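For the sequence shown, full-length UniProt numbering gives the first residue as 1, with consecutive numbering after it.
Report on the following structure.
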Amino acid sequence: MAAENPKGLKDRAWEQTQIKVFTRWVQKQLMSRGMKFENIQEDYTDGVKLIALLEVSSKKTIPQKYNHTPKNNVQKRENIFIGLDWLQNGLGVRIVGIDADAIQKSNLKLTLGLTWTIINKFQIEEISVEESTAKEALLLWVKKNTAGYEGCNVTNFTTSFSNGLPYAALINKFKPDSLDYTGLPSEPAMDVAQKSFDAMRDLGICVYLDPEDVANDSPDEKSMITQCSELFLAFSKQSKAVAMADKIKKAIKIQKEIQALEDKYEKLANETLDAIKEGHEFLTQDYPKTVPGIKGSTKGNN
1 MAAENPKGLK DRAWEQTQIK VFTRWVQKQL MSRGMKFENI QEDYTDGVKL
51 IALLEVSSKK TIPQKYNHTP KNNVQKRENI FIGLDWLQNG LGVRIVGIDA
101 DAIQKSNLKL TLGLTWTIIN KFQIEEISVE ESTAKEALLL WVKKNTAGYE
151 GCNVTNFTTS FSNGLPYAAL INKFKPDSLD YTGLPSEPAM DVAQKSFDAM
201 RDLGICVYLD PEDVANDSPD EKSMITQCSE LFLAFSKQSK AVAMADKIKK
251 AIKIQKEIQA LEDKYEKLAN ETLDAIKEGH EFLTQDYPKT VPGIKGSTKG
301 NN
């Protein structure tokens, strides 16, 4: 039996990571509905949980009627079709190559693709930092908030995370009492990731990854993005507050500079008015209009 090639092993690795991460993400969304979600390949197949996920994620109610307790494949396929149709035509999410038949038949690749589309639309695309796409904005946010931390040089969502340090740096940046960064750059990536995820759980932040998903040569990009977006949602309010405080400080500084300029202008204006007034008084004096009078005035001034 031939050994599996490295590319095949890598594909299987990211597939297993996505199954785990996406399943945990969906579980979090469906908690409010009291729905169990255990198997991403099978749990969409009657359309009920798919529609529930779309409603929770979009914070909207599907307008079409669907079967809440489908009994046969026709009803199940119809539910999936209704869900996909609402996703595309009602919620404006473009889906390509994914149909009701594929989801009902548990096509894993397309099911993962559908789940990522939902995550990307309703969690990732909500992120906005300056003038960037959602992915670029999230990367920029991570890069800015890990700058200056030893061992952190974030340029992507794969190899930049393989030492686990960006997660640790983000936690230390916003919640320094929750994780001491000192010494972490010299620790194994598995340990760094474990400490980071433990700190996230203590802070009530959902953890979708396991240490081994991070501590490898090429972590799965979509899984890293999903975890980073969870940190962004948790810390963005604090980040915005810091940014707002900086803006307020700058506004106060500018206001003080404006006030100083106004004071300087007022002083200069008063001095100018005084000079004009003196000049006017000099020019409007009643001078003698005869030569003897002018000579007498000159002698008086001397």
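Every residue gets a Cβ at the ideal spot worked out from N, C-alpha and C, and that includes glycine.
These numbers come from a predicted model, not from an experiment.
In its chain, beyond the 5 residues on either side, ILE98 have a beta carbon closer than 6 Å to the beta carbon of LEU114.
By the Cβ rule, the stretch 71-90 does not count as touching the stretch 131-147, because fewer than three pairs are nearer than 8 Å.
Here the alpha carbon of GLU212 sits roughly 6 Å from the alpha carbon of MET190. Taking C-beta atoms under 8 Å as the contact rule, VAL56 and SER32 qualify, at a distance of about 6 Å. In the structure shown, ASP180 adopts coil according to DSSP, grouped into three states. Taking all protein chains shown into account, ILE119 has 16 or more neighbouring C-beta atoms within 10 Å of its C-beta and is therefore buried. By the criterion of a C-beta distance shorter than 6 Å, ILE82 is surrounded in its chain by GLN64, TYR66, once the five residues flanking it on both sides are discounted.
Remark: C-beta atoms of ALA199 and ILE171 approach each other more closely than 8 Å. The Cβ-Cβ distance between LYS135 and ILE225 falls below 8 Å.
Judged by DSSP in its simplified three-state form, ILE205 adopts coil rather than helix or strand.
For PHE197, the closest of GLN104, SER186, VAL214, LYS277 by C-alpha to C-alpha distance is VAL214. DSSP places THR111 inside the alpha helix (DSSP H), whose first and last residues are 108-119.
With fewer than 16 other Cβ atoms inside 10 Å of its own Cβ, GLU271 counts as exposed.
Taking a C-beta distance under 8 Å as the contact criterion, PHE37 and THR23 qualify as a contact pair. Boundaries of the alpha helix (DSSP H) around ALA134: 134-146. The criterion of a C-beta distance shorter than 8 Å is not satisfied by VAL192 and LEU209. A Cβ-Cβ separation of about 10 Å leaves ILE80 out of contact with LEU87 under the 8 Å criterion. Cβ atoms of GLN41 and THR111 come within 8 Å of each other, at about 6 Å. Separation of the CB atoms of SER223 and PHE122 is rounded to 17 Å, and the pair is thereby denied contact status at 8 Å. In chain order, THR158, PHE161, SER162, ASP213 place their CB closer than 7 Å to the CB of PRO219, counting only its own chain and leaving out the 5 sequence neighbours on each side. In this chain, GLU187 is not harboured by any alpha helix (DSSP H), its DSSP state being neither H nor E. As the crow flies, the alpha-carbon of ILE127 is around 26 Å from that of GLU150. Leaving aside the five residues that flank VAL154 on each side, the residues in its chain whose CB is nearer than 6 Å to its CB run, in chain order, VAL142, LYS143, THR146, SER160, PRO166. Between ILE205 and GLU221, the CB-CB gap reaches or exceeds 8 Å.
Note that the C-beta distance between LYS76 and THR45 is below 8 Å.
Only buried fits TYR181, as 16 or more other CB atoms lie within 10 angstroms of its CB.
The residue among LYS175, LEU108, ILE103, HIS68 with its C-alpha nearest the C-alpha of TRP14 is LEU108.
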